[in-house]
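Take a look at the structure set out below.
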Amino acid sequence: MRNIATCYSEHAVRVSDSYCSGPLNKSYISPKSNPSIQNVVSCTYKTHISNQKRLYVTISWCSKMICQGFFIKISEKIPRENHYQHGFHQLPKIKGTKSLQDFSSDLKKKLSITVHWDLSAADFEAGPEPIRGFYIVVLVNSRYALVLGDMEIDPALKDLVDGLVLPKVTLVSQCEHYKGQWNSEISSKAKFSEIGVEHEIMIKCWQEEDGPQSPVLSVYIDKKRVVRIKRLQWNFRGNQVIFVDGLLVDVMWDVYGWYFDQTVGGFNSNKGGCGFIMFRTRSGLDSRLWLEEEENKLSDQNLGKPEFSLLICATQ
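So the numbering used here is basically just the index in the sequence shown, starting at one, shifted up by 1.
Next up, the structure:
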């Protein structure tokens, strides 16, 4: 899949209005809509194992119908691949310890990587990601790289890692995949900054007064509508700026597959293609959408890159 921001640089319908949950704060949720089913969640964390060494650890959770357990990848750059592509290792057991050598092809040298995990008492809600009663501990070169969960670590593991210093870990990106009808509600949660609060996000696409050929895409944050896109048959790609927690956030959408995926019939069929909605914060130095080349260059310099992104993929 091409980088979503690159598509916008060539074909985007630019929307210049910027608001702070102001003119579109009317809350409306159709009672006839059914929620989409979340089946994959991938979270990428930035961690420092030393003053000079920065790594990205991606954890992908899948519904039990797809697989059991989780996938993990460690990289020196933010991965752009999906959960099933190269570099990911599946850890299918409920509890265990696994050592992984020569972990990823994009690492410049081999690292000693060990993963300890326990999902035996994990508590799940609607999605594939556990919310409590589990832990994942990743050690790189005998240093903490990532600690997730709220469950007490096994005594044997605690003795192994006792005295190690926990690194600063930041969630830099999150990718969620949903399955449902094109007019299903998509509900998610996200924090757009480390010091911000968690916000409820709802995405809804339904038909308004213009008829069945002109559905409207709306985005709600904390039950307030902040984005409303009409005539999606023309505005199937675009972006709009909103303010959240004092931050500029680009909301980008690409629902071309919902309309023009001829292999499955589009809106007039019982099936349809895939739509993408991305939320991405801008850094203080940024004044426009990033192109992939610019983002990679500044990422290497650790300057001006987006701090957090949430990508939602909706497949019919």
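We put the beta carbon where it would ideally sit given N, CA and C, even for glycine.
Closest by C-alpha distance to residue 232, when choosing among 99, 215, 256 and 243: Counting from one through the sequence shown, the residue named residue 232 turns up at place 231. Here the closest residue by C-alpha is 215.
Take the Cβ of residue 62 as the centre, count every other Cβ of all protein chains shown within 10 Å, and call the residue buried at 16 or more, exposed below. Locating residue 62 in the sequence shown gives position 61, counting from the first residue. By the beta-carbon neighbour count (other beta carbons within 10 angstroms, threshold 16), residue 62 is buried.
Give the range of the alpha helix (DSSP H) segment to which residue 259 is assigned. For the purposes of this step, residue 259 is identified with residue 258 of the sequence shown, where counting begins at 1. From DSSP, the alpha helix (DSSP H) with residue 259 extends over 257–261.
Per DSSP, which one or two residues make a beta bridge with residue 281? In the sequence shown, the residue the question calls residue 281 occupies position 280. When DSSP reads this structure, residue 281 sits in a beta bridge with 251 and 310.
Go ahead and label residue 205 buried or exposed: buried means 16 or more other beta carbons lie within 10 angstroms of its beta carbon, across all protein chains shown. For the purposes of this step, residue 205 is taken as residue 204 along the sequence shown, with counting starting at 1. Answer is buried; the Cβ neighbour count reaches 16.
Who are residue 62's beta bridge partners in DSSP? Translated into positions along the sequence shown, residue 62 becomes position 61. Bridge partners of residue 62: 42 and 71.
Would you identify the three-state DSSP class for residue 124, choosing helix, strand or coil? As a first step, residue 124 must be located in the sequence shown, where it is residue number 123. Strand, per DSSP.
On the three-pair Cβ rule with 8 Å, is the stretch 169–185 touching the stretch 240–250? no
Measure the Cβ-Cβ separation of residue 312 and residue 191 and say whether it is below 7 Å. Within the sequence shown, the letter at position 311 stands for residue 312. Within the sequence shown, the letter at position 190 stands for residue 191. For residue 312 and residue 191, no; Cβs fall outside 7 Å.
Please give the ranges of any beta strand (DSSP E) in the stretch 143–177, keeping only runs that are unbroken, at least 3 residues long and fully inside the region. 144–150
Are at least three pairs of beta-carbons, each pair with one atom in the stretch 149–161 and one in the stretch 127–140, less than 8 Å apart? yes
C-beta contact flag for residue 277 and residue 314 at 7 Å: Counting from 1 along the sequence shown, the entry for residue 277 is found at position 276. Counting from 1 along the sequence shown, the entry for residue 314 is found at position 313. For residue 277 and residue 314, yes; Cβs fall inside 7 Å.
How would you call residue 196, buried or exposed, if buried means at least 16 neighbouring beta carbons within 10 angstroms? Position 195 of the sequence shown, counted from the start, is the residue given in the question as residue 196. That one is exposed.
Pull up the distance between the alpha-carbon of residue 1 and that of residue 124, whole angstroms please. The structure shown has nothing for residue 1, since the chain only spans 2 to 317.
Taking the continuous beta strand (DSSP E) assigned at residue 1, which residues delimit it? Coverage of the chain is limited to positions 2 through 317, which leaves residue 1 absent and any answer about it impossible.
Buried or exposed, going by whether 16 or more other CB atoms sit within 10 Å of the CB of residue 147? Locating residue 147 in the sequence shown gives position 146, where the first residue counts as 1. Answer is buried; the Cβ neighbour count reaches 16.
Is residue 130 buried or exposed, if buried means 16 or more other CB atoms sit within 10 Å of its CB? On the sequence shown, residue 130 is found 129 positions in, with the first residue counted as 1. So residue 130 ends up on the buried side.
Quick one: using the 10 Å Cβ neighbour count with 16 as the cut-off for buried, is residue 309 buried or exposed? As a first step, residue 309 must be located in the sequence shown, where it is residue number 308. Buried: at least 16 other Cβ atoms inside 10 Å.
Got a sec, what are the start and stop residues for the beta strand (DSSP E) residue 201 sits in? Against the sequence shown, residue 201 aligns to sequence position 200. First-last of the beta strand (DSSP E) with residue 201: 200–208.
Between residue 79 and residue 257, what straight-line distance do the alpha-carbon atoms span, to the nearest angstrom? Locating residue 79 in the sequence shown gives position 78, where the first residue counts as 1. Locating residue 257 in the sequence shown gives position 256, where the first residue counts as 1. Distance between the alpha carbons of residue 79 and residue 257: 26 Å.
Are the CB atoms of residue 165 and residue 179 within a distance shorter than 7 Å? If you number the sequence shown from 1, residue 179 lands on position 178. If you number the sequence shown from 1, residue 165 lands on position 164. Taking 7 Å as the Cβ cut-off, residue 179 and residue 165 do not qualify as a contacting pair.
Grouping DSSP H, G and I as helix and E and B as strand, with all else coil, what is residue 24? Taking the sequence shown and counting its residues from 1, one reaches residue 24 at position 23. Residue confidence is low: residue 24 scores 37 on pLDDT, short of 50, so the model does not pin down where it sits. Its coordinate-derived value is still stated next. Correct three-state label for residue 24: coil.
How is the beta strand (DSSP E) around residue 244 delimited, first residue to last? If you number the sequence shown from 1, residue 244 lands on position 243. In the DSSP assignment, residue 244 falls within the unbroken beta strand (DSSP E) covering 238–245.
Considering only residues of the same chain and omitting the five flanking positions on each side of residue 1, which have a CB-CB separation below 6 Å? This structure does not reach residue 1, given that the chain is present from 2 up to 317, and the question cannot be answered.
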